[in-house]
Amino acid sequence: MTGRSEHVVPPHAPRSAVVTGAARGIGEAIATELVARGYRVLVTDLDAAAAQATADRIGAAGGCAYDVTDPAAAHDVATRARELAPLGAWVSNAGVGFDGAVTELSEAHARALIEINTLGPVWGARAAVAAFREQSAAGTARGGEIGVTVSLSALGPVPGLSVYAASKAGALSMVSGLASEVRAEGIRVHAICPDGVNTDLLRSMKPGGQAQALVRSGTLVTSEQVARELVGMFGTSRVYRTLPGWRGAMMRLTALAPGPMLRLEPAMRAVGARKARSLR
-12 MTGRSEHVVP
-2 PHAPRSAVVT
8 GAARGIGEAI
18 ATELVARGYR
28 VLVTDLDAAA
38 AQATADRIGA
48 AGGCAYDVTD
58 PAAAHDVATR
68 ARELAPLGAW
78 VSNAGVGFDG
88 AVTELSEAHA
98 RALIEINTLG
108 PVWGARAAVA
118 AFREQSAAGT
128 ARGGEIGVTV
138 SLSALGPVPG
148 LSVYAASKAG
158 ALSMVSGLAS
168 EVRAEGIRVH
178 AICPDGVNTD
188 LLRSMKPGGQ
198 AQALVRSGTL
208 VTSEQVAREL
218 VGMFGTSRVY
228 RTLPGWRGAM
238 MRLTALAPGP
248 MLRLEPAMRA
258 VGARKARSLR
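The numbering used here puts the first residue of the sequence shown at -12, with every later residue one more than the last.
This is how it looks when you write it as structure tokens:
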């Protein structure tokens, strides 16, 4: 892995960028960061009106509806972005965070976690790579950036968020493999793995539940921090970054020795519960 580049501009400016789930929260912050770095950003979300409103607010090139579970729609969005300028970046940020034990989660929620959090980035990456290859063959641009918003939970077991963590682990594994598969073509693939982010997704978890308490036991980061760290990897060969770094080290240790580390789970949950009460 190499160091980061703080101020990356599209190599053949102007370049377009797609950000999914960008009407609010982390997606909006990523879209804002890309606008500031010179990309013509297409803001996408299930809610077309919200996507366009966000695009207008942050100075993006446009907004449109996009369901990340639809493989064909991903190619349609890439085509629309290329009408703005050659595609330079695709960020799969859309995600859901249903909490619940494996045996308690509804079938609908379990399917949505995999279809949105894991397959969504797969379909997006396939569409982006296809666009990058077409542009390279036509001589209009070479390579590009693919970013995925993952989660610290991808690195180890998270009781109460087992299926969510599995969906994110799948996305991270895909990113790592794809990065090697397309590197020779000048396509760089990155993932950001943040601790809990102070967004509607975290607040939607069951109040006082096991999952929310565990997430709050760490360090809540902001959407803007996540955006800066993800986009900051553009132009480098770094595949993923954890935010903050110390929590990433702790999660890797938990994965290596789940038995001893998970015995600390009740204490960590108690810390998270206290933090949650202090914010009320």
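Cβ coordinates follow ideal geometry from the N, Cα and C atoms, glycine included. Just so you know, these numbers come straight off a predicted model, no measurement behind them.
Output needed for PRO82: all residues of its chain with C-beta closer than 7 Å, excluding positions within five of it in sequence on either side, in chain order. Position 95 of the sequence shown, counted from the first residue, corresponds to residue 82. For the record, residue 82 in the displayed sequence is Gly; it is not Pro. Here the set comprises GLY8, ILE103, ASN104 and THR136.
Stretch pair the region 88 to 101 + the region 143 to 162: three plus CB contacts closer than 8 Å: yes
Kindly list the residues whose CB is nearer than 7 Å to the CB of VAL89, restricted to its own chain and excluding five residues on each side of it in sequence; keep chain order. In the sequence shown, counting from the first residue as 1, residue 89 sits at position 102. Same-chain partners within the cutoff: SER149 and VAL150.
Apart from the five residues on each side of it in sequence, which residues of its chain come closer than 6 Å, Cβ to Cβ, to GLU20? As a first step, residue 20 must be located in the sequence shown, where it is residue number 33. For GLU20, where only same-chain residues beyond five positions count, the Cβ hits under 6 Å are ALA214 and VAL218.
Classification of VAL202 by the beta-carbon crowding that lies within 10 angstroms, buried from 16 upward: For this step, residue 202 is matched to residue 215 along the sequence shown. With a pLDDT of 48 at VAL202, under the threshold of 50, the modelled position of that residue is not reliable, and the figure given next carries that caveat. Under this definition VAL202 is a buried residue.
Those residues which DSSP pairs with TRP77 across a bridge: As a working mapping, residue 77 is identified with position 90 in the sequence shown. Answer is VAL5 and ILE133.
Is it buried or exposed, ASP43, if we count other Cβ atoms within 10 angstroms and call 16 or more buried? Position 56 of the sequence shown, counting from 1, holds the residue named residue 43. With fewer than 16 neighbouring CB atoms inside 10 Å of its own CB, ASP43 falls in the exposed class.
For the ligand PLP, I want to know if HIS96 counts as a neighbour, meaning its beta carbon is within less than 7 Å of at least one of the ligand's heavy atoms. The ligand PLP is not part of this structure, which contains no ligands at all.
With DSSP as the reference, label ASP54 as helix, strand or coil. Taking the sequence shown and counting its residues from 1, the one referred to as residue 54 is at position 67. In this structure, ASP54 counts as coil in the three-state DSSP scheme.
Are the beta-carbon atoms belonging to SER3 and ARG69 less than 8 Å from one another? If you number the sequence shown from 1, residue 3 lands on position 16. If you number the sequence shown from 1, residue 69 lands on position 82. Going by C-beta atoms, SER3 is nearer than 8 Å to ARG69.
Three-state class that DSSP yields for TYR26 in the structure shown: Indexing the sequence shown from 1 puts residue 26 at position 39. DSSP places TYR26 in coil when its eight states are reduced to three.
On the CB-based measure, 16 or more other CB atoms within 10 Å of its CB, does SER138 come out buried or exposed? The count along the sequence shown starts at 1 and reaches residue 138 at position 151. Counting Cβ neighbours within 10 Å, SER138 comes out buried, since at least 16 surround it.
Below 8 Å on the Cβ atoms is my contact criterion, and I expect ALA52 with ALA114 to pass it. Report the Cβ-Cβ distance as a whole number of Å. Position 65 of the sequence shown, counting from 1, holds the residue named residue 52. Position 127 of the sequence shown, counting from 1, holds the residue named residue 114. Their Cβ separation, rounded to whole angstroms, is 16 Å, which puts ALA52 and ALA114 out of contact at 8 Å.
Roughly how many angstroms lie between the CA atoms of TYR26 and GLY164, to the nearest whole one? Along the sequence shown, read from residue 1 onward, the residue named residue 26 stands at position 39. Along the sequence shown, read from residue 1 onward, the residue named residue 164 stands at position 177. For TYR26 and GLY164, the distance between alpha carbons rounds to 26 Å.
Check whether the region 223 to 230 and the region 29 to 36 touch, using three or more Cβ-Cβ pairs below 8 Å as the test. no
Under the three-state DSSP convention, the category PRO108 falls into: Locating residue 108 in the sequence shown gives position 121, where the first residue counts as 1. Reduced to three states, the DSSP call for PRO108 is helix.
Tell me the rounded alpha-carbon separation between GLU132 and ALA166. Within the sequence shown, the letter at position 145 stands for residue 132. Within the sequence shown, the letter at position 179 stands for residue 166. If I take the Cα positions, the gap works out to 10 Å.
Go through its chain and collect everything with a Cβ distance to SER123's Cβ below 8 Å, but skip five positions before and after it. If you number the sequence shown from 1, residue 123 lands on position 136. Excluding positions up to five away in sequence, the list reads ARG129, GLY130, GLU172 and GLY173.
Applying the criterion that 16 or more other CB atoms from any shown protein chain within 10 Å of the CB defines a buried residue, is GLU168 buried or exposed? Looking up residue 168 in the sequence shown gives position 181. With fewer than 16 other Cβ atoms within 10 Å, it is exposed.
Pairwise C-alpha distance: GLY147 and GLU94: By 1-based counting over the sequence shown, the position of residue 94 is 107. By 1-based counting over the sequence shown, the position of residue 147 is 160. Computed Cα separation, rounded: 16 Å.
How far does the alpha helix (DSSP H) with ALA214 in it reach, from first residue to last? Numbered from 1 along the sequence shown, position 227 holds the residue referred to as residue 214. ALA214 -> alpha helix (DSSP H) spans 210 to 219.
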